[in-house]
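The opening residue of the sequence shown carries number 448 in the working numbering; numbering runs sequentially from there.
Where a beta carbon is used, it is the ideal one built from N, C-alpha and C, also for glycine.
Notes to accompany the following structure.
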Amino acid sequence: MTRLTIFDEAGAEVGATGDADAITAALGGIGVRFERWPASEQDARSEALRAEGYTTVDTVSVTPDHPDRDAMRAKFLSEHRHADDEVRYFVAGSGLFTLRERGRIYAVRCEGGDLISVPAGMRHWFDMGPRPHFTAMRFFRTPEGWVGDFTGDPIADRFPRLEPA
Ligand SMILES: [Fe+2]
Numbered sequence: 448m449t450r451l452t453i454f455d456e457a458g459a460e461v462g463a464t465g466d467a468d469a470i471t472a473a474l475g476g477i478g479v480r481f482e483r484w485p486a487s488e489q490d491a492r493s494e495a496l497r498a499e500g501y502t503t504v505d506t507v508s509v510t511p512d513h514p515d516r517d518a519m520r521a522k523f524l525s526e527h528r529h530a531d532d533e534v535r536y537f538v539a540g541s542g543l544f545t546l547r548e549r550g551r552i553y554a555v556r557c558e559g560g561d562l563i564s565v566p567a568g569m570r571h572w573f574d575m576g577p578r579p580h581f582t583a584m585r586f587f588r589t590p591e592g593w594v595g596d597f598t599g600d601p602i603a604d605r606f607p608r609l610e611p612a
């Protein structure tokens with residue numbers, strides 16, 4: 448189930464919700480776009496994103512037995528940011544985006560049907576778990592904008608990782 452858990456930077460939980468509207472509102476407050484797309488609207492909504500300038504789109508699919516899953520998981524487990532927005536639509540499966548903004552940590556467990564857009568420059572990390580399972584569409588303004596700029600801060604190690612479903 449989609450879930451948002453909010454912590455302070457010391458690791459104390461300060462709120463949690465599984466309600467999609469509440470997640471959209473809480474994330475909207477820090478400039479993060481979060482939407483639940485009904486399957487019937489997937490094509491129309493992704494076309495709308497292209498029209499907004501996210502003109503490069505691809506789809507990634509990772510299965511629990513992927514031979515490179517450990518390396519793939521490790522790649523974005525530490526705090527980083529990008530020059531472009533990180534826009535992902537989960538077609539199926541799950542992944543955990545954790546965002547750091549204004550003294551709070553927002554852990555967003557995304558599931559099939561969820562769109563999240565992490566704004567350019569926002570510190571965050573991503574966990575696909577030890578047995579990754581997801582299919583996601585990635586929307587880019589420029590693929591080069593999605594190179595990770597790692598902060599070197601070990602903060603991600605203090606917060607929960609993706610729990611198996
Ligand atoms: Fe990222």
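- Item | Segments assigned beta strand (DSSP E), at least 3 residues, entirely inside the segment 457-493 | At a cut-off of 3 residues, the continuous stretches assigned as beta strand (DSSP E) that sit fully inside the segment 457-493 are 460-464 and 480-483.
- Task: For Val-565, count neighbouring C-beta atoms within 10 Å of its own C-beta (all shown protein chains included) and say buried if the count is 16 or more, exposed if not.
- Result: In the sequence shown, the residue the question calls residue 565 occupies position 118. Looking at its Cβ environment, which holds 16 or more other Cβ atoms inside 10 Å, Val-565 is buried.
- Item | Bridge partners - Val-538, DSSP secondary structure assignment | Sequence index remark: in the sequence shown, residue 538 carries index 91 (1-based). Partner(s): none; Val-538 has no beta bridge.
- Message: Considering only the alpha carbon of each residue, which of Ser-525, Arg-516 and Ala-554 lies closest to Asp-455?
- Response: Position 8 of the sequence shown holds residue 455. Comparing Cα-Cα distances from Asp-455 to each of Ser-525, Arg-516 and Ala-554, the minimum goes to Ala-554.
- Query: Taking the continuous beta strand (DSSP E) assigned at Met-584, which residues delimit it?
  - Reply: As a position in the sequence shown, residue 584 is number 137, starting the count at 1. Where Met-584 is concerned, the enclosing beta strand (DSSP E) stretches over 581-587.
- Task: Specify the secondary structure class of Arg-570 as computed by DSSP and reduced to three states.
- Result: The sequence position of residue 570 within the sequence shown is 123, counting from 1. The answer is strand: DSSP assigns Arg-570 an E or B state.
- Query: In angstroms, rounded to a whole number, what distance separates the CA positions of Arg-588 and Gly-465?
  - Reply: If you number the sequence shown from 1, residue 588 lands on position 141. If you number the sequence shown from 1, residue 465 lands on position 18. Rounded to whole angstroms, Arg-588 to Gly-465 spans 30 Å at the Cα level.
- Query: Which of the three DSSP states, helix, strand or coil, is assigned to Leu-609?
  - Reply: Within the sequence shown, residue 609 is the residue found at index 162, counting from 1. Coil.
- Query: Quick one: what's Ala-554 bridged to in DSSP?
  - Reply: Walking along the sequence shown from the start, residue 554 turns up at place 107. In DSSP, Ala-554 forms a bridge with Thr-452 and Thr-545.
- Query: Candidates Arg-483, His-529, Thr-452 and Phe-537: which alpha carbon is nearest Val-594's?
  - Reply: Counting from 1 along the sequence shown, the entry for residue 594 is found at position 147. The residue with the shortest Cα to Cα distance from Val-594 is His-529.
- Use the C-beta contact count for Phe-597: other C-beta atoms within 10 angstroms, 16 or more gives buried, fewer gives exposed. Position 150 of the sequence shown, counted from the start, is the residue given in the question as residue 597. Exposed: under 16 other Cβ atoms inside 10 Å.
- Express the C-alpha separation of Ile-552 and Ser-525 in angstroms, rounding to a whole number. If you number the sequence shown from 1, residue 525 lands on position 78. If you number the sequence shown from 1, residue 552 lands on position 105. Straight-line Cα distance between these residues: approximately 14 Å.
- Message: To test your reading of the DSSP string, which unbroken beta strand (DSSP E) runs of 3 or more residues are found completely within the segment 503-529?
- Response: Within the segment 503-529, the complete beta strand (DSSP E) runs of at least 3 residues are 503-509.
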